[in-house]
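**Q**
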Amino acid sequence: MNSDFNLYLKIFLSILKKDFKITANQIAEEIGISKNTLTNWKKGSIPDLEKIKNLLKFINKFNKEHVMASENNAVIVELTNVIESYIIRQETSIYQRKNEKERRDLKIRRKRRFAKNFSLLIDFLNSVALREDAVRNDENYTNVGESEEVFDNLLNKEFISRNEKNGSIAIQKNLAKKLHVSEAQISNWKSGKDFPNKDNLSKLQKLCSFNGSGAFLDYDFTIKMLENQFLESPNLRFKLTELEQKYFIIMKSFIKESNLEGILWEKISRNPSEILIGYPGEVLETVQEYFYRDCILLLKEAFRFVDVNLTFEEWLRVNVPNHDFFPNLDSTDGFRFYVDDIDYGYKIIREFKNINKDIGMINRFIVSNKKLFYLTKLLMNKLEETGIEFEDWLEEQYGIVNETDYFRKLSANLCNTLTESDFNNTDYVEEFYRQFWEFIINKSSIVDIRMHPTMQVYIQDINSEEWIYSRMASNYSLLKSVLDIGFEKGKLSANGRYLLDGRESFELLFKNHSIKTFREESQNRDFDKVKELEKLYRRTVKFLQ
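All residue numbers for the sequence shown refer to full-length UniProt numbering, where the first residue is 1 and numbers rise by one.
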């Protein structure tokens, strides 16, 4: 707290006494402190956070109930600004300390999970190496062809090898060599005695072909997951993806040279939310609704513990700030500003109901949270603009959350969706191409929602990949319709002829070079994935190379 506080507080108290006959004793009693404490504040002592919040409430209430001369009102504005800045600094400091504890807890959880997953990886590698023959009858594997492919792929990556002299398997030795660390280090990671640094962790993730920084840390491995991770035939898969990539690149070139990008843009712009995953205009508005609902219902939970003679709406309106210091919900940064306050608030409510009855936490982090009341202000402004009554809006929100299949999405995950869909309408075509290429890459591997949690915002059934494959097929149909316009224009260029001649082969590859197709066909015990990949390559390479 700086000297401005002492100065403006003295002037404010003088105005109250002179113009409104309100004494220091009355003020002290109103905000729950002694007169001596108020005197000490004027002299420069640092106020307690909760007490200074009470002073701010008193000032806001006084300001609403009384009309003053402009010069006196300016004093109140300055004093309010000084107090609110102090509160924000103090709450930020509290949040940082709390956040530091959460980071420490996360680090501990990640260390434990890493040891568990790394140990499972080594056990898995050992089991594959030791049971090269017996694995043919192992129920953990889908079929003989796949078990051989796992073994071949691990040999190819040099994860496993056998000592020709004594027949021993050198799993940990091979890992140490590949990662450029000692065998003792590998043993310490496996036992949980040590944890890899950022560089070694990244090497391990890349070595195992995991995408993203969360592998080994943020979700538990299973034998089936590791099995699928090493199930690919690297050379065949690469060759097939190369063919798809070439066809895709020539599609883009043909659309551009045929002046069809405008037509593609127009088709996307008619209904972008049905074509692009995470169309920002829709997602932004949707996430705004989620944030407003979560904020108000969180405050409604906390209001049960507030001792005031006001309705919930009246209490909200009394506490909304009269400034615009905080960001609006019109950008990713704006949303991120409120994420932790909402998610942590719900955590406090859960802990209050299930673990302890610490009302102080509710008061400190919810009832006194200026950010939540600023969100309330944004919502009320929006409702007033649209002519919707707050009570009607609140009743509608309760109708939503009381549905049997409702679950609250984490604000952090919702915020991530905005990051993933950070494009505007001028980028429709580029975003469409990016999305379509990601479909091509991802369809030949497992669609794992846990590794892409923000997909939950777009997918109704988050345990199903059908939605993704359906969107992929519709995206190709859109591309195909644009290409057909170019094919009908007359004499085809070399690119056009390549696309037309290779269309059947590309569609065969587009459909069948897919983990979903392999899974469905693998129900037949005679199915061999490696042989099917080879057959697919032979059928398509002639027209697409």
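A virtual CB, placed ideally from N, CA and C, is assigned to each residue, including glycine.
Quantities reported herein were computed from a predicted structural model and do not represent experimental measurements.
1) Distance check for tryptophan 393 and lysine 61, CA to CA, integer angstroms please.
2) When the Cα atoms are used, what is the spatial distance from glutamate 384 to alanine 28?
3) What does the alpha-carbon distance come out to for the pair threonine 92 and asparagine 72?
4) Taking one C-beta from the stretch 93 to 112 and one from the stretch 174 to 188 each time, how about it: are there three or more such pairs within less than 8 Å?
5) Nearest by alpha-carbon distance to phenylalanine 373: which of Glu396, Pro327, Glu351 is it?
6) If you follow the alpha helix (DSSP H) that aspartate 48 is part of, which residue opens it and which one closes it?
7) For cysteine 295, which of helix, strand or coil comes out of DSSP?
8) Do histidine 513 and glutamate 244 have their C-beta atoms within less than 8 Å of each other?
9) Is it buried or exposed for isoleucine 388, if we count other Cβ within 10 angstroms and need 16 for buried?
10) Can you check which of these residues, Leu49, Arg112, Ala69, Ala115, is closest to glutamine 90 by C-alpha distance?
11) Any contact between the stretch 236 to 251 and the stretch 197 to 216? By contact I mean 3 or more CB pairs, one from each, below 8 Å.
12) On the three-state DSSP scale, how would you describe methionine 251?
13) In whole angstroms, what separates the C-alpha of serine 3 from that of phenylalanine 337?
14) For threonine 23, count neighbouring Cβ atoms within 10 angstroms of its own Cβ and tell me buried if that reaches 16, exposed if not.
15) I'd like to know if the stretch 493 to 502 and the stretch 430 to 437 are in contact, where contact means that at least 3 CB-CB pairs between them fall below 8 Å.
16) Quick one: grab the DSSP three-state call for phenylalanine 510.
17) Where do the ends of the alpha helix (DSSP H) carrying valine 128 lie?
18) Please list, in chain order, all residues of the same chain as aspartate 343 whose beta carbon is under 8 Å from its beta carbon, the five residues on each side excluded.
19) Taking serine 477 as part of the alpha helix (DSSP H), name the residues at either end of that continuous run.
20) Identify which residue in Ser253, Asn271, Arg109 has its Cα closest to the Cα of glycine 192.
21) Within the continuous alpha helix (DSSP H) that includes asparagine 368, where are the two ends?
22) Under three-state DSSP, which class holds cysteine 415?
23) Only counting the same chain, and skipping five residues up and downstream in sequence, which positions put a Cβ closer than 7 Å to that of isoleucine 250?
24) Enumerated in chain order, which unbroken segments of the alpha helix (DSSP H) with a length of 4 residues or greater are wholly contained in the stretch 294 to 364?
25) Compute the Euclidean distance between the alpha carbons of valine 339 and isoleucine 348, then round it to the nearest angstrom.
26) The alpha helix (DSSP H) that contains alanine 215, what's its start and end?
27) Closest to residue 548 by CA distance: which of Asn40, Asn25, Phe114, Ile359 is it?
28) Count Cβ pairs between the stretch 217 to 226 and the stretch 98 to 117 that sit closer than 8 Å; are there 3 or more?
29) Is the separation between the beta-carbon of phenylalanine 510 and that of tyrosine 537 shorter than 8 Å?
30) Say the cut is 7 Å; is the CB of serine 182 nearer than that to a heavy atom of the ligand ADP?
31) Would serine 127 and lysine 190 be called neighbours here (beta carbons separated by less than 8 Å)?
32) How would you call alanine 129, buried or exposed, if buried means at least 16 neighbouring beta carbons within 10 angstroms?
33) With 16 as the cutoff for other CB atoms within 10 Å, does arginine 293 come out buried or exposed?
34) Buried or exposed: which applies to asparagine 36, given that a residue is buried once 16 or more other Cβ atoms fall within 10 Å of its Cβ?
35) In angstroms with no decimal places, state the Cα-to-Cα distance between glutamate 227 and asparagine 117.
36) Roughly how many angstroms lie between the CA atoms of isoleucine 296 and threonine 376, to the nearest whole one?
**A** Looking at the coordinates:
1) Looking up residue 61 in the sequence shown gives position 61. Looking up residue 393 in the sequence shown gives position 393. Using only the alpha carbons, I get a separation of about 26 Å.
2) Translated into the one-based positions of the sequence shown, residue 384 becomes position 384. Translated into the one-based positions of the sequence shown, residue 28 becomes position 28. Those two C-alpha atoms are separated by around 37 Å.
3) The residue labelled residue 92 in the question sits at position 92 within the sequence shown. The residue labelled residue 72 in the question sits at position 72 within the sequence shown. If I take the Cα positions, the gap works out to 30 Å.
4) no
5) For the purposes of this step, residue 373 is identified with residue 373 of the sequence shown, where counting begins at 1. The option with the nearest alpha carbon to phenylalanine 373 is Pro327.
6) Residue 48 sits at position 48 when you count from the first residue of the sequence shown. First-last for aspartate 48: undefined, no H or E at that position.
7) Sequence index remark: in the sequence shown, residue 295 carries index 295 (1-based). Cysteine 295: helix per DSSP, three-state reduction.
8) If you number the sequence shown from 1, residue 513 lands on position 513. If you number the sequence shown from 1, residue 244 lands on position 244. Yes, the pair counts as a contact, with Cβ atoms nearer than the cut-off.
9) The residue given as residue 388 occupies position 388 in the sequence shown. Isoleucine 388 should be labelled exposed.
10) The residue given as residue 90 occupies position 90 in the sequence shown. Comparing Cα positions, the closest option is Leu49.
11) no
12) As a first step, residue 251 must be located in the sequence shown, where it is residue number 251. Of the three classes helix, strand and coil, the one that applies to methionine 251 here is helix, per DSSP.
13) For the purposes of this step, residue 3 is identified with residue 3 of the sequence shown, where counting begins at 1. For the purposes of this step, residue 337 is identified with residue 337 of the sequence shown, where counting begins at 1. If I take the Cα positions, the gap works out to 29 Å.
14) Mapped onto the sequence shown, residue 23 falls at position 23. Per the 10 Å Cβ criterion, exposed.
15) no
16) Locating residue 510 in the sequence shown gives position 510, counting from the first residue. Phenylalanine 510 falls in the helix class under three-state DSSP.
17) For the purposes of this step, residue 128 is taken as residue 128 along the sequence shown, with counting starting at 1. First-last of the alpha helix (DSSP H) with valine 128: 70 to 130.
18) The sequence position of residue 343 within the sequence shown is 343, counting from 1. Excluding residues within five positions, the ones whose Cβ falls inside 8 Å are Leu410, Ser411, Ala412.
19) Position 477 of the sequence shown holds residue 477. Run containing serine 477: 466 to 487, per the alpha helix (DSSP H) assignment.
20) As a first step, residue 192 must be located in the sequence shown, where it is residue number 192. Checked all of Ser253, Asn271, Arg109; the closest Cα to glycine 192 is Arg109.
21) Translated into the one-based positions of the sequence shown, residue 368 becomes position 368. Sequence check: residue 368 is serine here, not asparagine. Looking at the DSSP string, serine 368 is not in any alpha helix (DSSP H), and its letter there is neither H nor E.
22) Counting from 1 along the sequence shown, the entry for residue 415 is found at position 415. Helix.
23) As a working note, residue 250 is residue 250 in the sequence shown. Excluding residues within five positions, the ones whose Cβ falls inside 7 Å are Asn495, Tyr498, Leu499.
24) 312 to 319, 332 to 354, 359 to 362
25) Mapped onto the sequence shown, residue 339 falls at position 339. Mapped onto the sequence shown, residue 348 falls at position 348. Straight-line Cα distance between these residues: approximately 14 Å.
26) Indexing the sequence shown from 1 puts residue 215 at position 215. No alpha helix (DSSP H) holds alanine 215; DSSP gives it neither H nor E.
27) Absent from the model: residue 548. The displayed extent of the chain is 1 to 545, so no value can be given.
28) yes
29) The count along the sequence shown starts at 1 and reaches residue 510 at position 510. The count along the sequence shown starts at 1 and reaches residue 537 at position 537. No; because the gap between Cβ atoms is not below 8 Å, this pair is not in contact.
30) As for the ligand ADP, it is missing from this structure, which has no ligand bound.
31) As a first step, residue 127 is located in the sequence shown; it is residue number 127 there, counting from the start. As a first step, residue 190 is located in the sequence shown; it is residue number 190 there, counting from the start. Not a contact, by the Cβ cut-off of 8 Å.
32) Sequence index remark: in the sequence shown, residue 129 carries index 129 (1-based). Classification for alanine 129: buried.
33) The residue given as residue 293 occupies position 293 in the sequence shown. Arginine 293 should be labelled buried.
34) Residue numbering aside, residue 36 sits at position 36 when the sequence shown is read from its first letter. Label assigned to asparagine 36: exposed.
35) Taking the first residue of the sequence shown as position 1, residue 227 is located at position 227. Taking the first residue of the sequence shown as position 1, residue 117 is located at position 117. Approximately 14 Å, taken between the alpha carbons.
36) Looking up residue 296 in the sequence shown gives position 296. Looking up residue 376 in the sequence shown gives position 376. Distance between the alpha carbons of isoleucine 296 and threonine 376 is about 7 Å.
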